[in-house]
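*Asks:* Residues are numbered in the numbering used here as their position in the sequence shown, beginning at 1, plus a constant of 16.
Cβ atoms here follow ideal geometry from the backbone N, Cα and C, with glycine treated the same way.
Treat the numbers as computed from the prediction; the structure is a model and nothing was measured.
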Amino acid sequence: MEGGCRRRVMVVADPTQESAGALQYALSKAILENDELILFNVENPNSWRNTLTTFLRRPSRSSGSAAASIEGSLGHADFLEEMKKACKLTKPKVRVRVEKVALIEGKEKASIILDHSKALGVDVLIIGQRRSLSTIILGYRRPGGVHARDKTNRHSRVFD
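1. Sort Gln33, Phe56, Val27 by Cα distance to Lys116 and report the nearest one.
2. For Leu39, which three-state DSSP category applies?
3. Give me the residue from Ser133, Val27, Ala46, Glu59 with the minimum Cα distance to Glu121.
4. Return the chain-ordered list of same chain residues with a C-beta closer than 7 angstroms to the C-beta of Gly180, the five sequence neighbours on each side being excluded.
5. For a test of the three-state rule: what should DSSP assign to Ala29, helix, strand or coil?
6. Among Pro61, Pro31, Met26, whose alpha-carbon lies nearest the alpha-carbon of Tyr41?
7. Out of Glu97, Arg111, Val138, state which residue places its alpha-carbon closest to the alpha-carbon of Ala29.
8. Closer than 8 angstroms by C-beta to Pro61: which residues in its own chain qualify, once you throw out the five before and the five after it? Chain order, please.
9. In angstroms, rounded to a whole number, what distance separates the CA positions of Gly137 and Val110?
10. Could you work out which residue in Ile128, Met99, Asp131 is closest to Leu53 when comparing CA atoms only?
11. From Asp131, Leu130, His132, Pro108, pick the residue whose C-alpha is nearest to that of Asn51; which is it?
12. When you compare only the Cα positions, how much space is there between Leu141 and Asp94?
13. Please state if the CB of Asp131 and the CB of Arg24 are separated by a distance shorter than 8 angstroms.
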């Protein structure tokens with residue numbers, strides 16, 4: 017960007033493949049040199065993953081190292097730190113920060129994300145998309161739309 021104008025790009029980060037894909041997209045297509053990247057995580061304090069991770073972090077008398085190896089295989093413990101490291105390796109000049117917010121009971125995750133993106137002055141919001149295998153292979157059909165497959169680049173297109 018000319019003139020050193022900095023955009024704020026927010027990627028919703030959680031320990032899923034969809035989130036990793038969103039980060040990969042952001043780093044390869046959306047982030048410019050002077051931009052600021054915000055890795056935004058909405059934590060669910062009642063999540064089974066948080067409970068399991070807390071349980072696995074407790075040292076056991078018999079094998080503390082086994083718990084650590086299981087925790088590492090879950091891929092949840094320090095995923096935000098790993099995402100931040102990946103950003104620094106890929107785009108060393110981009111400022112990266114992590115924002116964590118607790119999920120509020122009775123409030124939807126989407127509205128929390130939108131509220132915080134407005135409060136943080138986010139210019140670009142990137143969220144991973146969960147897709148089923150059939151959607152990946154066959155493409156997406158909108159109600160009322162006609163589905164077509166572009167043979168040149170194999171991407172699905174919907175024409176209304």
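*Replies:* The answer reads as follows:
1. Phe56
2. helix
3. Glu59
4. Here the chain has residues from 17 to 176 only, and residue 180 is not among them.
5. coil
6. Met26
7. Glu97
8. Ala118, Leu119
9. 17 angstroms
10. Met99
11. Sequence check: residue 51 is Asp here, not Asn. Taking only the C-alpha atoms, the option nearest Asp51 is Pro108.
12. 22 angstroms
13. no
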